[in-house]
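First to last, the sequence lines map onto chains A and B. With the working numbering as the guide, the letters of the first sequence map in order to residues 228 to 378. With the working numbering as the guide, the letters of the second sequence map in order to residues 9 to 134.
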Amino acid sequence: MTSAENCQKTIILKNDLAELRRFGRFLTGFGENAGLPDPFLQDVRLAFEEVFSNIVLYSYTDEALHQIEIRFRMQENCLVLEIRDDGRPFDPLQVPRPDLDKPFIEREVGGLGIHLTCSLMDQVGYHSDAGINVLTMTKSVSRGEEGSVSH
Amino acid sequence: MTFTVNVDEKKPGVLIVSLAGSLDTNTYTQLDQEMVLLLQREPTLVVIDMEFLNYISSIGISSILKAKKELKKQGAELSLMNLQPQIRKVFDIINALPSQPIFSSTEELDRYLLQMQRETIAGQTE
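The structure is reproduced here in structure tokens:
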């Protein structure tokens with residue numbers, strides 16, 4: 228198989244929205260190494276931004292500096308991202324789905340970001356690992372290359 | 009991953025807001041601020057030109073639709089123009105495309121404006 232199979236990398240971000248830029252650069256570098264196409268990376272960037280901004284804005288009850296660890300790996304032609312944060316226990320998949328039939332402006336706030344994440348990735352799962360929130364997002368490369376979107 | 013907003017008056021009351029770069033968690037406040045100033049100019053139509061916008065996240069879409077709501081209060085409309093495929097995809101996923109016409113080019117906008125003008129004149133002479 229390609230060198231992509233051997234790619235495994237970790238980046239640690241601070242709980243600061245400005246860190247999204249550093250993530251973007253890291254993702255681009257990882258994508259180049261693994262030979263991932265741009266539209267695929269764009270989907271992953273957006274899926275991640277939605278999760279990360281939720282963590283930074285809502286996950287911490289203090290003002291302290293926290294670390295959010297993101298583990299990247301290629302597995303059977305899929306990119307797998309594991310996002311680990313030490314904020315309050317929170318499973319974003321339990322947030323009620325937004326009512327997409329309502330005009331945007333009349334909808335309840337919230338749920339939109341995770342809906343985007345789930346639409347852009349093939350699989351999103353949550354578990355708690357000794358008090359750490361672990362969100363795992365998977366996207367198959369062939370699906371990304373076709374540029375298809377699931378609704 | 010920078011972001012710029014540029015506002016141009018196409019004709020009296022019609023403002024073109026050109027976005028370029030990345031409208032995301034780190035940049036949406038720039039658009040919000042620009043929109044506050046823009047509302048004071050009391051336009052009748054605001055067209056968001058996204059030809060050079062290459063990335064948008066949910067907060068960016070919220071920011072645009074917030075502006076649309078404010079404009080509506082003033083009796084003005086907001087339309088979108090030149091949506092790139094990757095931008096349209098995000099609007100589609102969260103089903104947030106407004107019902108107003110979406111212009112695929114400046115020419116299309118020009119035709120629309122001309123039509124509106126004709127209708128206004130026709131309305132006045134009736």
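Glycine included, every Cβ here is placed at the ideal spot set by N, Cα and C.
What are the uninterrupted segments assigned as beta strand (DSSP E) that are 3 or more residues long and contained completely in the stretch 301–335 of chain A, given in chain order?
The qualifying runs are 305–312.
Please report the distance separating the alpha-carbon of B:Q82 from that of A:I297.
In a straight line, the C-alpha of B:Q82 is about 45 angstroms away from that of A:I297.
Given that A:I332 touches chain B, what residues does it touch there, using C-beta distances under 8 angstroms?
Here the neighbours are L73, K74, K76, K77.
Residues in the stretch 344–365 of chain A with C-beta within 8 angstroms of chain B's C-beta atoms, listed in sequence order?
Answer in chain order: S346, L347.
Less than 7 angstroms between the beta carbons of B:L73 and A:F331, yes or no?
Result yes, Cβ atoms of B:L73 and A:F331 sit closer than 7 angstroms.
Does DSSP classify A:L284 as helix, strand or coil?
Three-state DSSP puts A:L284 in a helix.
Please work out which residues of its chain come closer than 6 angstroms, Cβ to Cβ, to B:D57, disregarding the five sequence neighbours upstream and downstream, and give them in chain order.
Within the same chain, B:D57 has close Cβ partners I24, S26, M89, N90.
Using only alpha-carbon positions, find the residue among A:S369, A:Q294, A:L347 that is nearest to B:F99.
Cα-wise, what sits closest to B:F99 is A:L347.
Starting from A:N360 and walking both ways along the beta strand (DSSP E), at which residues does that stretch end?
Segment 359–367, the beta strand (DSSP E) holding A:N360.
Three or more C-beta pairs under 8 angstroms: does that hold for the stretch 51–66 of chain B against the stretch 271–281 of chain A?
In short, these stretches touch, since the Cβ pair count reaches three.
Sort A:I341, A:D312, A:R249, A:G340 by Cα distance to A:H354 and report the nearest one.
Minimum Cα distance to A:H354 is reached at A:D312.
Please report the distance separating the alpha-carbon of A:L292 from that of A:V361.
One C-alpha to the other measures close to 19 angstroms.
I need the straight-line Cα distance from A:V322 to A:E309, nearest angstrom please.
Rounded to the nearest angstrom, the two C-alpha atoms are 19 angstroms apart.
Strictly under 7 angstroms for the Cβ-Cβ distance: is A:Q321 near chain B by that measure?
No, A:Q321 does not count as interfacial toward chain B.
The beta strand (DSSP E) that contains B:T37, what's its start and end?
From DSSP, B:T37 is part of no beta strand (DSSP E) but of the alpha helix (DSSP H) over 36–48.
Exposed or buried, A:Y285, counting other C-beta atoms within 10 Å across all chains shown (16 or more means buried)?
Exposed.
Alpha carbon to alpha carbon, how far is B:T114 from A:G256?
Between B:T114 and A:G256, the C-alpha separation is close to 36 angstroms.
Are the Cβ atoms of A:V307 and A:T365 separated by less than 7 angstroms?
Result yes, Cβ atoms of A:V307 and A:T365 sit closer than 7 angstroms.
Under 7 angstroms between the Cβ atoms of B:L117 and B:F111?
In this structure, B:F111 lies closer than 7 angstroms to B:L117 by Cβ.
Does the Cβ-Cβ distance between B:Q94 and A:Q235 come in under 7 angstroms?
Not in contact: B:Q94 and A:Q235 (Cβ atoms no closer than 7 angstroms).
Using a Cβ cut-off of 7 angstroms, pull out every chain B residue sitting near A:H342, in sequence order please.
Going along chain B in sequence order, the residues near A:H342 (Cβ under 7 angstroms) are I102.
So, helix, strand or coil for B:D16, using DSSP?
B:D16: strand per DSSP, three-state reduction.
The beta strand (DSSP E) that contains B:G29, what's its start and end?
Per DSSP, B:G29 belongs to the beta strand (DSSP E) from 22–31.
Going by other Cβ atoms of all chains shown within 10 Å of its Cβ, with 16 needed for buried, is B:L79 buried or exposed?
By the 10 Å Cβ count, B:L79 comes out buried.
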